[in-house]
Every structure is written in structure tokens, then in C-alpha cells.
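Enquirer: Before I ask anything, let me first share the structure, which is written out below as C-alpha cells.
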Amino acid sequence: MIRIEQLQKSYGTAQALAGIDLRIDPGELFAFLGPNGAGKTTTIRILTGLTRIGGGRVFIGGHDIVAEPRAAKRQCGLVPQHINLDSELSVRENLDIHGRLFDMPPDKRQTRSAELLHYVEMADRAGQPVKQLSGGLKRRLMIARALMHQPKILFLDEPTVGLDPAIRRRIWALIKRVQQDGATIFLTTHYIEEAEFLASRVAFLDRGRIVALDRPRTLMDGLGTWAIDRVDGEAMATRYFATREEATAYSAAQDCGFTLRRVNLEDAFLHLTGKKVS
Ligand code: ATP
Numbered sequence: 004m005i006r007i008e009q010l011q012k013s014y015g016t017a018q019a020l021a022g023i024d025l026r027i028d029p030g031e032l033f034a035f036l037g038p039n040g041a042g043k044t045t046t047i048r049i050l051t052g053l054t055r056i057g058g059g060r061v062f063i064g065g066h067d068i069v070a071e072p073r074a075a076k077r078q079c080g081l082v083p084q085h086i087n088l089d090s091e092l093s094v095r096e097n098l099d100i101h102g103r104l105f106d107m108p109p110d111k112r113q114t115r116s117a118e119l120l121h122y123v124e125m126a127d128r129a130g131q132p133v134k135q136l137s138g139g140l141k142r143r144l145m146i147a148r149a150l151m152h153q154p155k156i157l158f159l160d161e162p163t164v165g166l167d168p169a170i171r172r173r174i175w176a177l178i179k180r181v182q183q184d185g186a187t188i189f190l191t192t193h194y195i196e197e198a199e200f201l202a203s204r205v206a207f208l209d210r211g212r213i214v215a216l217d218r219p220r221t222l223m224d225g226l227g228t229w230a231i232d233r234v235d236g237e238a239m240a241t242r243y244f245a246t247r248e249e250a251t252a253y254s255a256a257q258d259c260g261f262t263l264r265r266v267n268l269e270d271a272f273l274h275l276t277g278k279k280v281s
């Protein structure tokens with residue numbers, strides 16, 4: 004569904020993407036994980052036609068984004084990082100405008116927006132001005148808007164940034180539902196648990212390069228199952244173990260503070276890049 008070959012991008016002399024290769028299958032929920040400035044937004048903007056490609060090739064649903072930009076763009080629904088709804092307009096009007104941009108006829112716009120408001124559980128908000136909505140509702144509306152023209156691929160750039168944990172989980176449930184209903188999903192995040200919970204495969208991005216790409220479980224299993232964080236004065240060090248018994252035996256021999264926990268995706272990222280994701 005998405006094929007990326009040696010994708011590059013520079014801003015002036017600063018290299019944002021240093022040659023990315025990637026294939027994403029239809030129906031996959033793929034996550035790009037990386038710290039601020041890693042190149043996540045730049046990748047999404049290029050894939051959705053908002054930023055010009057610097058080098059390499061990208062195919063969206065088989066369409067080359069340079070040779071066939073309109074056909075490629077039609078396959079894509081984008082939920083950008085920052086809320087860009089029209090706050091003076093109503094919920095329904097925001098969906099309608101998006102439908103117009105994709106040349107949808109009025110009757111189709113009406114049925115599709117009603118269907119989507121039901122889908123994101125906002126049917127009772129249709130006439131409400133967007134400025135009155137909470138952050139979580141705005142995010143849900145942005146997802147509905149991106150789905151208006153029935154794209155095959157949904158791009159979500161940090162879809163739950165700044166939301167509280169309960170609202171975040173509701174958005175996760177919605178994203179999963181969109182995938183189960185047949186869409187391919189490309190998500191960027193710097194929330195480890197978001198990638199761990201949602202994604203079938205994850206790429207770790209660091210300074211414009213993919214440093215690892217696999218299923219979350221496989222990336223974590225490479226380290227072990229259990230981790231011990233040792234706190235010795237100011238310093239903290241982590242060790243990984245295959246079994247809980249091995250970890251417990253190690254901790255029994257320590258004369259400083261420690262915490263026993265399960266290995267997570269952040270450990271895998273730290274191990275590969277030497278830095279934290281957020
Ligand atoms: P964040 O999590 O902060 O959104 P990111 O992983 O999405 O980070 P990008 O926004 O893609 O990272 O930025 C990658 C690099 O490119 C950064 O060094 C950033 O400063 C730079 N960059 C991004 N957009 C521009 C621009 N329009 N002009 C100049 N430099 C840019």
C-alpha cells in the first residue's frame with residue numbers, strides 16, 4: 004500500500020531524512036516512533052503531498068507521488084499534529100468543507116458526514132460550533148474529517164498528544180476500529196505505550212534514519228522479558244533478563260535501590276539509540 008525507496012529531505016543544509024526504505028502492507032497499522040526532530044512529521048507530510056520530496060521515490064497505493072500526485076493524494080486521509088479545524092464553524096460544516104475539497108456531491112457529503120459522526124460517537128454534536136468542543140472531541144472530529152473521502156490510508160501524526168489517559172484510550176479504540184474496517188494506518192508517536200498497544204510493526208526513527216523495524220514484541224524480546232533499574236546515588240543503570248527468576252536472583256545481590264519491571268519498547272529504543280524517545 005505504501006512503498007518508500009531511499010526517501011531523503013533536507014532543509015537548507017540540515018538533513019531531516021537520510022534515506023528511508025519502507026513497505027507497508029494493506030490493512031497494516033504501522034507506527035513511526037522517535038524523539039522530537041527525528042523526522043516523523045516530515046515523512047508524513049511528504050507521503051501526503053504537503054512537503055516536496057527531496058530524493059528517492061514514494062508510491063501510495065501504486066501511484067508515484069511525483070508523477071501522479073492527485074491519484075496518490077486521493078488514497079490518503081491526514082490527521083495532522085496540530086488541531087486545524089475551523090473553530091467558528093459547526094462540526095457538520097467542518098466535515099462538509101472537507102468533502103467539497105474532494106469534489107464530493109452534496110447528497111454524498113450529507114450521508115457520509117452523518118455516517119461518520121455516528122461512527123465517532125458525535126452525532127449529537129453535529130450542529131455545535133467546534134470552538135465549544137473539548138480536546139478529545141476535536142481529535143475525534145479530525146479523524147472523522149480525514150475519513151470523509153473514504154481514503155484507503157489514514158495518516159495520524161501524534162494523534163493523542165496532550166490528551167489525558169482516559170481520552171487517549173478512547174482514541175486508540177477508534178483507531179483500531181478504523182483499521183478493523185479495512186484501512187491501512189500510518190501513525191507517528193513519541194508515546195511508547197501507544198506504539199506498543201496499537202502497532203503491528205514499529206520503525207524506530209533517529210535523526211532521519213530507521214534504526215530498527217519489526218513487531219513490537221520482537222524488538223522487546225531481543226533484550227529479554229524482565230528489567231531491573233538500579234539506582235546507585237545519582238546514577239541509574241538497567242539490566243535485562245530472560246526470566247523473572249534470573250532477575251530476582253540478581254536483585255537479591257544488590258545493596259542499592261532497584262525496581263523490577265517488564266521490558267518495554269522504550270528499553271529497545273534506548274538500547275539501539277542510547278537515548279530516550281521523549
Ligand atoms: P516532533 O516530534 O517534534 O514533531 P519529528 O520527528 O516530527 O519531531 P520533524 O518535524 O520531521 O521531526 O523534523 C525533522 C527535522 O527537520 C528537525 O531537525 C526539524 O527542525 C527540521 N525541520 C522540519 N521542518 C522544517 C522546516 N519547515 N524548515 C526547516 N527545518 C525543518
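For the sequence shown, the working numbering begins at 4 and goes up steadily by one.
Quick reminder that beta carbons are idealized off the backbone N, C-alpha and C, glycines included.
Below 8 Å on the Cβ atoms is my contact criterion, and I expect Thr228 with Asp270 to pass it. Report the Cβ-Cβ distance as a whole number of Å.
Expert: Incorrect: roughly 11 Å between the Cβ atoms, too far for contact.
Enquirer: Whose CA, out of Gly64, Lys43, Leu104 and Asn97, lies closest to the CA of Gly130?
Expert: Minimum Cα distance to Gly130 is reached at Asn97.
Enquirer: With a CB to CB cut of under 8 Å and the five nearest residues on each side skipped, what residues in its chain are close to Lys141?
Expert: So the list reads Ile86, Leu88 and Val133, once near-sequence residues are dropped.
Enquirer: What do you reckon, is the C-beta of Lys111 under 7 Å from a heavy atom of the ligand ATP?
Expert: Checking the Cβ of Lys111 against the ligand ATP gives no.
Enquirer: Per DSSP, what kind of secondary structure is His66 in: helix, strand or coil?
Expert: Three-state result, His66: strand.
Enquirer: Verify the contact flag: Asn39, CB atom, against every heavy atom of the ligand ATP, threshold strictly below 7 Å.
Expert: It does: the Cβ of Asn39 is within 7 Å (strictly closer) of some heavy atom of the ligand ATP.
Enquirer: Quick check on the burial criterion: 16 or more other C-beta atoms within 10 angstroms. Buried or exposed for Gln78?
Expert: Classification of Gln78: buried, given that the 10 Å Cβ count is 16 or more.
Enquirer: Jot down the residue ranges of each uninterrupted alpha helix (DSSP H) in the region 207–253, minimum 4 residues, whole runs only, in chain order.
Expert: Segments of the alpha helix (DSSP H) lying fully in the region 207–253: 219–224.
Enquirer: Within 7 Å: the Cβ of Ala117 and any heavy atom of the ligand ATP?
Expert: Result no, Cβ not under 7 Å from the ligand ATP.
Enquirer: What does Leu157 pair with, by DSSP beta-bridge criteria?
Expert: Paired residue(s): Gly80 and Ile188.
Enquirer: In chain order, which continuous runs of the beta strand (DSSP E) of length 3 or greater are located wholly inside the region 122–171?
Expert: Correct list: 156–160.
Enquirer: Tell me the DSSP secondary structure of Arg73 in three-state form.
Expert: Note: Arg73 maps to helix in three-state DSSP.
Enquirer: Label Thr251 either buried or exposed according to how many other C-beta atoms from any shown protein chain fall within 10 Å of its C-beta, with 16 as the threshold for buried.
Expert: The residue in question, Thr251, is exposed, as its Cβ has fewer than 16 Cβ neighbours within 10 Å.
Enquirer: Within 7 Å: the Cβ of Lys76 and any heavy atom of the ligand ATP?
Expert: Answer for Lys76: no, Cβ out of range of the ligand ATP.
Enquirer: Could you round the C-beta distance between Leu208 and Leu36 to whole angstroms and report it? I think they count as a contact, below 8 Å.
Expert: Contact flag correct, Cβ pair sits at about 7 Å.
Enquirer: Per the DSSP calculation, Val283 is bridged to which residue(s)?
Expert: This structure leaves residue 283 out entirely; the chain is present only between 4 and 281.
Enquirer: So, using beta-carbon positions, are Val69 and Ile56 closer together than 8 Å?
Expert: Contact: yes.
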